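S.K.: Residue numbers (our numbering): 1 to 111.
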Amino acid sequence: MEISKEVIEKVFEAIEIAKTSGKIKKGANEVTKAVEKATAKLAVVAKDVNPAEVVMHFGPLCKEKEVPLIFVPSKDELGTAAGIKRPTAAVAIINEGDAKNLLKEIIAELK
Numbered sequence: 001m002e003i004s005k006e007v008i009e010k011v012f013e014a015i016e017i018a019k020t021s022g023k024i025k026k027g028a029n030e031v032t033k034a035v036e037k038a039t040a041k042l043a044v045v046a047k048d049v050n051p052a053e054v055v056m057h058f059g060p061l062c063k064e065k066e067v068p069l070i071f072v073p074s075k076d077e078l079g080t081a082a083g084i085k086r087p088t089a090a091v092a093i094i095n096e097g098d099a100k101n102l103l104k105e106i107i108a109e110l111k
């Protein structure tokens with residue numbers, strides 16, 4: 001399923017809001033743990049991760065744990081949205097904070 005640029009921008013905005021008013025996890029390992037515990041409200045994974053094996057498990061894991069998953073084009077943009085100076089393979093929103101309505105819109109777009 002192709003995700004529109006508009007939805008991807010909403011995802012980055014939700015991450016930026018959640019990092020200040022809620023809680024996020026950054027990096028493939030932290031996001032994997034959050035999905036396994038089913039504490040993640042949304043998992044966001046970059047498509048340009050190399051090697052791809054680093055993030056290949058997210059599809060089946062998120063499906064099993066019923067955590068919404070969205071792929072974004074760039075690990076650089078994902079890192080910036082998460083407030084870190086480095087690229088990141090994955091981000092999970094744990095507590096959406098003030099991004100609650102935005103997160104609902106994003107999840108509705110994924111269905």
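No residue lacks a Cβ here, since even glycine has one placed at the ideal position from N, Cα and C.
Note that the structure is a prediction, hence the values are computed from the model and not measured.
Could you tell me whether the Cβ atoms of Ile-94 and Thr-20 are closer together than 8 Å?
M.R.: No, they are not a contact pair.
S.K.: Helix, strand or coil for Asn-95 per DSSP?
M.R.: Reduced to three states, the DSSP call for Asn-95 is strand.
S.K.: Quick check on Val-34: does DSSP put it in helix, strand or coil?
M.R.: Before going further, note that residue 34 is Ala rather than Val in the sequence given. Looking at Ala-34 - three-state DSSP - the assignment turns out to be helix.
S.K.: Tell me the rounded alpha-carbon separation between Lys-65 and Val-44.
M.R.: Looking at the two C-alpha atoms, the distance is approximately 15 Å.
S.K.: Let's test the definition: count the other Cβ atoms within 10 Å of the Cβ of Lys-75 and tell me whether it reaches 16, buried, or not, exposed.
M.R.: Buried.
S.K.: Just grab the DSSP bridge partners of Val-67 for me.
M.R.: DSSP, once it has assigned bridges, lists no residue as partnering Val-67.
S.K.: Determine the burial state of Gly-59: buried for a count of at least 16 other Cβ atoms within 10 Å of its Cβ, exposed for fewer.
M.R.: Gly-59 should be labelled exposed.
S.K.: May I ask you to verify whether the region 4-19 touches the region 48-62, counting CB pairs closer than 8 Å and requiring at least 3?
M.R.: Result no; under three Cβ-Cβ pairs closer than 8 Å.
S.K.: Determine the closest residue to Lys-100 out of Lys-41, Ala-81, Asp-48 and Leu-69, with distance taken between C-alpha atoms.
M.R.: For the residues Lys-41, Ala-81, Asp-48 and Leu-69, the minimum Cα distance to Lys-100 belongs to Lys-41.
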